[in-house]
Amino acid sequence: MDVASPAQVAATPAPARQARPLVRWSVHAGWVLLLALATELRVGRFGFHPSDQGFILAQAWRVLHGEVPHADIISARPLGSAVLHVADYALPMPLFFGSSFLSMIEITVATIAFATLVTRRRVLEWGPGMTAMVAAASLINLNAFPLMAWHTVDGIALTACGAWALDAGLGSGRALARRGGLVLLGCAVFVKQSFALAAVIGVLWLLLHPATRAGALRTASWWRRLVLDLLALGAPGLAYVAWVSLGGGFTEMVEQLTGGVPAYGERLLGLWLDDPEVLTRAPVRELSFFAAIAVVLLAVRLPGDRLGVAGRIASWVLVFAGAAAVVWTVVDGRFTGSSRWADVLWWIVAVSVPVNAAVRRKVPWAGLLVLATGFMTSLSWGNDTPTLLTGTLALTALLLLSHLVPPRPRPARRWVTATAGCVAVAVCGWVVVARHDQAAYFDLGHDRLTEDLGAITPAMAGIRTNPSTFTFVRQIRDCLDRFPAARTAILPDSPFAYPAFGLRNPFPLEWPLPLEVVGTAPERMLATADELNREGGYLVLFETDSIRMLATGGPVPESVPPDTPVFDYLGLEKALQARLTGRVVTCGSFVGKYAP
C-alpha cells in the first residue's frame, strides 16, 4: 500500500493546485468573450431596424430614469428585461454595440448551462472537443436572429443558468449557489409570462433532487431550509409586485398582464396534425427518420449486452444514423424560421428523452428541462417556434443519443475530438455569417450596409445599415435639432430613438403595436396628449409611411407636405395627432406637432 508521508504532503505546493482551476475558468471565460465579440463584430453590428432593435433598451431607459412598470410604462409583459438591461448602459462601449455583445454572451452562457446539465459534467472537466461543440451550438442558437436585447433571450438565459446553479448547489450542499439558482428562476418569470413554468421547474427540481429527499425526516432544520429556498424563488416576484404597488400600478399591472392575446404553442405541438403529409417533406421528414431509428435502437439496447458484439455494432450504427438525422435537420432548416426546423428538433428531443429513460432506467431531467424551455420559447406572438434554442436542441439530442451506446474500450484521442469540434465551429460560423450577409434582420445584404449610424449619434457607433435607414435616423436627429423640446415622441415604430438620442417619451408606450396596446392604453395615451396641451414643451413626430419599407431600401423623402397622412395601426396615432394643439411642423419624412 502506498501511503503519502507528511513530508511529501507538505512538499506539495498548494498554490499550484489552486491555480489550475483558475486558469481553466479563465480560458472558458476567454473563449465566451472572444466568441461574443467576434460574432458582434462580424454579424451583430451589420443591419439595423428602428422598431424592435431598440424596444427593450427604450424600456430600460425609462426604468433608469425612475419610471415604474405598468404605472408609468404600459407593457403586455412584466418588465424584468427592462430592469436587467439597465446594465447595458454601464458597458464601456457604444450602447447598441454593447447591448448586442451582451446578448451573445447570454446566448453562449445559456448554451453552456444546458450542456453542463445534460452531460452531468462540470465545465472544468470539458475537453477541447466538447467546448468547441458547445461554441458551435451557441452559433446555431443565434442562427438568423438579430443580436439585440430581447426578453426571450433573457428568459432562456435565466432559466438555464438558474437550473445550472440550483443543481450545482444541491449537489455540493452550497446554500448560496442553490438559492442563487432559485432567484434566477424566479427572475425568468418576470421577463415574460411564458417563462412562468421556470418557477415550477425550480420547485420540482428542488423537491425531487436526491440531496433534498435525503433529508426527508422533515426535521425543523429541513423545513427551515425549504422555506428559505422557496422565499429565494419568490423573492424577485415579491420585489417586483411591491415596487409596482408602491408606485401605484398594481391594478394596471393585473389589467395589462392579463389583457394580451394568449399564446398556447399550438404551432409547435401541432407540427404535423394539420397536414400529416409534412412528415414526408423536408425538414419534418427527418423527424420520421429519427423516430424509426429510435424505435429500432430501443429494441437493440433494451436487452443490454445480451446481443453481444452484433448488438454493440448495431447500436453504434443506429446512433450514427440518428445523429445524421439531427445534423440534416439543421442543414435542411437553412436557419430560417419559416422552415419549421426548430419545431422538428424539439420533437426529436421529445423522442430522445423517453428512449434514453427506457434504456438507462433513469429519467434524463436535463432533457426535460430543455424541452420545457423550448416550449416556453415558442410561446410568442411573432416567433412562435423555439428557433432561439435550435443549437441546444440539436446538441441535447446528440448527447442523449451518445449515452445509449456501450462505452468504447479506448476513448477517442483529444486531437480527434478537438479537430471535429473546431470544424463544427468553423462550419456553423460560416453558415451564420453567410445567412446574415445574405439579408440581415429587416435590412439588406452585407454589401449594401454601407452607412455607420455612429455618424448620427455616438450611442450607435459601429452599427451599419442601408442608406434608407440611415436617412430615416438622420432625419430624426435633424428634427430634434430644429425643434428642441423637453419631451419628445416618435410614433409609432421608433422606440430606438429614446435611448439613442437621450429623449424622454411623455407617452406610456414606446411602440404602440396592436398587440402591445393592452388595458387602458388608448385612454392613457389620449390623456397624455391633453396633459401636453396644458403644459407645452413637447415635440411629437409621426411617421408617414410604414417603417417596413426601410428593410427593402425604399426611398425616404427629404420633405413631405403638412397634410400628408400619418401611418398608424389602430387609428391611435391619428387620434393623437388630432388631439394635440401644437403647431403643425414637417421635418424630413415626418409630420409633427410642436409646442416649445
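Using my numbering, you'd call the opening residue of the sequence shown number 2 and step up by one each time.
For each residue, glycine too, the CB sits at the ideal point set by N, CA and C.
From residue i to residue j, what distance separates their C-alpha atoms?
{"i": "V124", "j": "I349", "result": "25 Å"}
{"i": "I202", "j": "G182", "result": "11 Å"}
{"i": "P304", "j": "F290", "result": "23 Å"}
{"i": "L454", "j": "P513", "result": "24 Å"}
{"i": "I294", "j": "L346", "result": "15 Å"}
{"i": "V279", "j": "E287", "result": "10 Å"}
{"i": "S590", "j": "P51", "result": "15 Å"}
{"i": "A487", "j": "A456", "result": "24 Å"}
{"i": "A83", "j": "S547", "result": "26 Å"}
{"i": "T470", "j": "G593", "result": "19 Å"}
{"i": "L623", "j": "A243", "result": "It is not possible to answer for residue 623, since the shown part of the chain is limited to 2 through 597."}
{"i": "D344", "j": "R436", "result": "20 Å"}
{"i": "F473", "j": "V557", "result": "7 Å"}
{"i": "P523", "j": "L573", "result": "7 Å"}
{"i": "F98", "j": "G31", "result": "19 Å"}
{"i": "A197", "j": "F191", "result": "8 Å"}
{"i": "D73", "j": "F251", "result": "11 Å"}
{"i": "W62", "j": "S340", "result": "36 Å"}
{"i": "R122", "j": "A169", "result": "11 Å"}
{"i": "A552", "j": "G446", "result": "10 Å"}
{"i": "L370", "j": "P355", "result": "13 Å"}
{"i": "A212", "j": "L232", "result": "19 Å"}
{"i": "L42", "j": "G537", "result": "43 Å"}
{"i": "G238", "j": "C188", "result": "7 Å"}
{"i": "S76", "j": "P500", "result": "18 Å"}
{"i": "F509", "j": "L390", "result": "According to the sequence displayed, residue 509 carries Pro and not Phe. Approximately 32 Å between the Cα atoms of the pair."}
{"i": "S6", "j": "P93", "result": "Note that S6 scores 35 on pLDDT, short of 50, meaning its location in the model is unreliable and no value can be drawn from it."}
Between which two residues does the beta strand (DSSP E) carrying residue i extend?
{"i": "K594", "result": "F591 to A596"}
{"i": "I491", "result": "R488 to L492"}
{"i": "L274", "result": "No beta strand (DSSP E) holds L274; DSSP gives it neither H nor E."}
{"i": "T587", "result": "R584 to C588"}
{"i": "L540", "result": "Y539 to E544"}
Just to confirm, is the Cβ distance from residue i to residue j under 8 Å?
{"i": "L577", "j": "A530", "result": "yes"}
{"i": "P112", "j": "S139", "result": "According to the sequence as given, residue 112 is Thr; it is not Pro. For T112 and S139, yes; Cβs fall inside 8 Å."}
{"i": "P284", "j": "G338", "result": "no"}
{"i": "R361", "j": "H404", "result": "yes"}
{"i": "Q257", "j": "H71", "result": "yes"}
{"i": "G235", "j": "G520", "result": "no"}
{"i": "L298", "j": "G323", "result": "yes"}
{"i": "P459", "j": "P95", "result": "yes"}
{"i": "L481", "j": "T466", "result": "no"}
{"i": "R180", "j": "L171", "result": "no"}
{"i": "R46", "j": "S101", "result": "yes"}
{"i": "D155", "j": "L80", "result": "no"}
{"i": "A498", "j": "Y539", "result": "no"}
{"i": "M149", "j": "Q54", "result": "yes"}
{"i": "F376", "j": "L542", "result": "no"}
Taking the alpha helix (DSSP H) that residue i falls in, what are its first and last residues?
{"i": "F56", "result": "F56 to L65"}
{"i": "L234", "result": "A221 to L247"}
{"i": "D89", "result": "D89 -> no alpha helix (DSSP H), and no H or E assigned at all."}
{"i": "G572", "result": "Looking at the DSSP string, G572 is not in any alpha helix (DSSP H), and its letter there is neither H nor E."}
{"i": "D333", "result": "G309 to G334"}
{"i": "V345", "result": "W342 to R361"}
{"i": "S139", "result": "P129 to L143"}
{"i": "Y499", "result": "A498 to F502"}
{"i": "D531", "result": "A522 to E536"}
{"i": "M254", "result": "F251 to T259"}
{"i": "V190", "result": "A176 to V190"}
{"i": "I294", "result": "R286 to R302"}
Kindly indicate which three-state DSSP category residue i falls into: helix, strand or coil?
{"i": "D453", "result": "strand"}
{"i": "P14", "result": "Because the pLDDT at P14 is just 45, under 50, the model does not fix this residue reliably, and the point stays unresolved."}
{"i": "I464", "result": "coil"}
{"i": "F97", "result": "helix"}
{"i": "E153", "result": "Residue identity check: residue 153 is Thr in the sequence provided, not Glu. Helix, per DSSP."}
{"i": "M70", "result": "The identity of residue 70 in the sequence shown is Pro, whereas the question assumes Met. It is a strand residue."}
{"i": "F102", "result": "helix"}
{"i": "E517", "result": "helix"}
{"i": "T565", "result": "coil"}
{"i": "F47", "result": "strand"}
{"i": "D306", "result": "coil"}
{"i": "T472", "result": "helix"}
{"i": "T213", "result": "helix"}
{"i": "V28", "result": "helix"}
Kindly provide the ranges of any alpha helix (DSSP H) runs that are 4 or more residues long and lie completely inside the region 363-447, ordered along the chain. Correct list: 366-379, 391-403 and 415-439.
Enumerate, from N- to C-terminal direction, the unbroken alpha helix (DSSP H) stretches of 4 or more residues contained entirely within the region 105-129. Segments of the alpha helix (DSSP H) lying fully in the region 105-129: there are none.
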